[in-house]
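First residue of the sequence shown? That's 13 in the working numbering, and the numbers climb one at a time after it.
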Amino acid sequence: MVWSRVVTDPGPQIDVTDPRAVRPSRGARSRRQRELVGGLLRCYPVSFLVLAPYALLIFPMAVFYDNPQTGFIVLLVGLALLGSVSVETLGLLFGRPDPQWRQGMRQATARYPYIYPVARLVTLTSIAADLLGAYLGRGSIIAQISGELSDAPMVALTKLFSGWGALGFALLVASHLGGRLSRGKLYGWLAALVTTQAVVTMLTALTAPLVAFLFFVVAAGVVCGVFRLRYLLLGTVLMVLLWPAIFEYRNEIRQDQGIEVSDAVTATDRIRLDRQLTLVAGIEVPVDLGQPGLVDHLRYGLVPRIVDPDRPPLSTGQQINQFLGGGPTSASNFLLLGNIWFFDGPVGVLGVHAFWAGFVALLLRWRARPGPARLSLFCLVCSDVLLWSGTYPESTIAFLQHVVSAMTVFFLLWLTRRIPLGTTGRPALPADGRTRTGALRGPGRRGAHREGDA
13 MVWSRVVTDP GPQIDVTDPR AVRPSRGARS RRQRELVGGL LRCYPVSFLV
63 LAPYALLIFP MAVFYDNPQT GFIVLLVGLA LLGSVSVETL GLLFGRPDPQ
113 WRQGMRQATA RYPYIYPVAR LVTLTSIAAD LLGAYLGRGS IIAQISGELS
163 DAPMVALTKL FSGWGALGFA LLVASHLGGR LSRGKLYGWL AALVTTQAVV
213 TMLTALTAPL VAFLFFVVAA GVVCGVFRLR YLLLGTVLMV LLWPAIFEYR
263 NEIRQDQGIE VSDAVTATDR IRLDRQLTLV AGIEVPVDLG QPGLVDHLRY
313 GLVPRIVDPD RPPLSTGQQI NQFLGGGPTS ASNFLLLGNI WFFDGPVGVL
363 GVHAFWAGFV ALLLRWRARP GPARLSLFCL VCSDVLLWSG TYPESTIAFL
413 QHVVSAMTVF FLLWLTRRIP LGTTGRPALP ADGRTRTGAL RGPGRRGAHR
463 EGDA
């Protein structure tokens, strides 16, 4: 018997797909979120550097202690953000930072096969110079009180490497983003730089440089994509929790050096940065205290002291302290925004941040991704002129000094860079020896690939 098979119509078929196969994984979503946040930070880096310390520390302090001048703080931050956000938004019309940041940085540093050895050299030199300078008394509390600068040749030599900590940080980050330094080794080098600043704090009895360097490392690292934004929040919380112990230890060091410490000033008083800022609120601005002008900026910023030893030390902090009724043996400042308001008024707060926002936009966006030199200049801007605790206008002079000091490093990178095309007209190979399809094209062809040059 033969059975006939009848094929029945199965009806409309419904494609049932496992939603887990379509839904992106948690890691992919997290990676996209980090890329989105990182791209936003690199579009508005100056605004982020201005807002971060106030949003994390200064505004909460002002609200918690009911500072009557909280509105003045909002005014200062609003003026600074008006200058930076407007310029950074306008800059987006002419180009955005590379959306493939790590891949772009790898291509931008491909011409510098010795960037990691140079980064190690700069970092080790910075560590040695900072430790030696602090041991010899450079930048100590005693030197600050006396207002006298040491004329020892070794002290003058260590000053030539001022700012190399930020420069070493930038080159280490560039080495990591370029694929020549692992994340673990990067963190190890950064820990060495931070530990150096901690030892310098013990030798000089000054905590401000350590706090400033910590903020610079984390904030600049967030913008460069080597730290997550949560690290900045975590670091702020840890600093607030550890501050009383750090403050007491600092006072003990000062007392051991024979310096009188006032018991009336507590750790809480010292961390009230909102109150330090609002001291300038009732002053009619701008104020002329004989602060450095354009000629002084060029003299102090571009000429090393070893060449011009007779110039007097800058004492803007001491001048402010005397203006407030204090003596010449102590220094005061109103934080970066307050100092700009004090010396240049509201127009200065807006104009200074607009200028540096345009400068940073050029560094991060001109000719696509930045190379090691432009990334180094960006980090010097972050550590000097945009640091929230900086003493303006000395911070601008420090930036010029550090740029002059970094020129030897930039020249070394230029000498050791790889020529894109060899004598045979063939593209140079990457550092690992593997060929890159279409990475470089011959001269004369339209649409040739352009790498970051500096």
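We put the CB at the ideal spot given by N, CA and C, even for glycine.
A quick note: this is a predicted structure, and the numbers were derived from the prediction, not measured.
Beta-carbon to beta-carbon, residue 131 and residue 187 are separated by about 5 angstroms, close enough to satisfy the 8 angstroms threshold.
Cβ atoms of residue 73 and residue 284 come within 8 angstroms of each other, at about 6 angstroms. When the alpha-carbon of residue 315 is set against those of 105, 97, 267, 171, the nearest one is in 171. By the neighbour-count criterion, in which 16 or more other beta carbons inside 10 Å mark a residue as buried, residue 361 falls on the buried side. When 106, 342, 363, 59 are compared, the shortest CA-CA separation from residue 328 is found for 342.
Membership of residue 296 in any alpha helix (DSSP H) is not indicated, and neither H nor E is assigned to it by DSSP. The stretch 53-67 and the stretch 262-280 do not touch, with fewer than 3 CB-CB distances between them shorter than 8 angstroms.
Collapsing the DSSP output to three states places residue 250 in a helix. Classified as exposed, residue 257 has fewer than 16 neighbouring CB atoms from the shown chains inside 10 Å of its CB. Between the alpha carbons of residue 419 and residue 77 lies a gap of roughly 46 angstroms. For residue 315, no alpha helix (DSSP H) segment is defined, and its DSSP state is neither H nor E. In the displayed model, residue 243 falls within a helix according to three-state DSSP. Between residue 290 and residue 323, the alpha-carbon positions lie close to 33 angstroms from each other.
Residue range 82-103 is occupied by the alpha helix (DSSP H) that includes residue 101. Beta-carbon to beta-carbon, residue 96 and residue 58 are separated by about 4 angstroms, close enough to satisfy the 8 angstroms threshold. In the three-state scheme derived from DSSP, where H, G and I count as helix and E and B as strand, residue 430 is classed as coil. Leaving aside the five residues that flank residue 100 on each side, the residues in its chain whose CB is nearer than 7 angstroms to its CB run, in chain order, 55, 56, 58, 59, 369, 373. Just measuring C-alpha positions, the residue of 399, 402, 150 sitting nearest residue 212 is 150. Close CB contacts of residue 209 within its chain, under the 8 angstroms cut and outside five residues either way in sequence, are with 142, 177, 221, 222, 225, 226 (chain order).
Per DSSP, the continuous alpha helix (DSSP H) segment holding residue 351 begins and ends at 347-377. Between the alpha carbons of residue 64 and residue 134 lies a gap of roughly 28 angstroms. Measuring C-alpha to C-alpha distances from residue 166 to each of 138, 144, 255 identifies 144 as the nearest. Each residue's CA atom was taken as its position, placing residue 381 and residue 119 some 9 angstroms apart. One alpha carbon belongs to residue 411, the other to residue 396, and they sit about 6 angstroms apart. Rounded to whole angstroms, the separation of the alpha carbons of residue 112 and residue 406 is 36 angstroms. Here residue 357 is near residue 297, since their CB atoms are less than 8 angstroms apart.
Contact between residue 281 and residue 70 is absent: CB atoms are separated by about 15 angstroms, not below the 8 angstroms threshold.
Rounded to whole angstroms, the separation of the alpha carbons of residue 336 and residue 199 is 43 angstroms. In this structure, 106 is the residue among 228, 417, 106 with its C-alpha nearest to the C-alpha of residue 376. When rounded, the separation of the alpha-carbon atoms in residue 401 and residue 86 is 17 angstroms. Counting of Cβ neighbours within 10 angstroms places residue 426 among the exposed residues, the total staying below 16. Taking the C-beta atoms as reference points, residue 127 is found nearer than 8 angstroms to residue 384.
Here residue 398 carries a coil assignment [DSSP, helix/strand/coil]. The beta carbons of residue 352 and residue 404 sit closer together than 8 angstroms.
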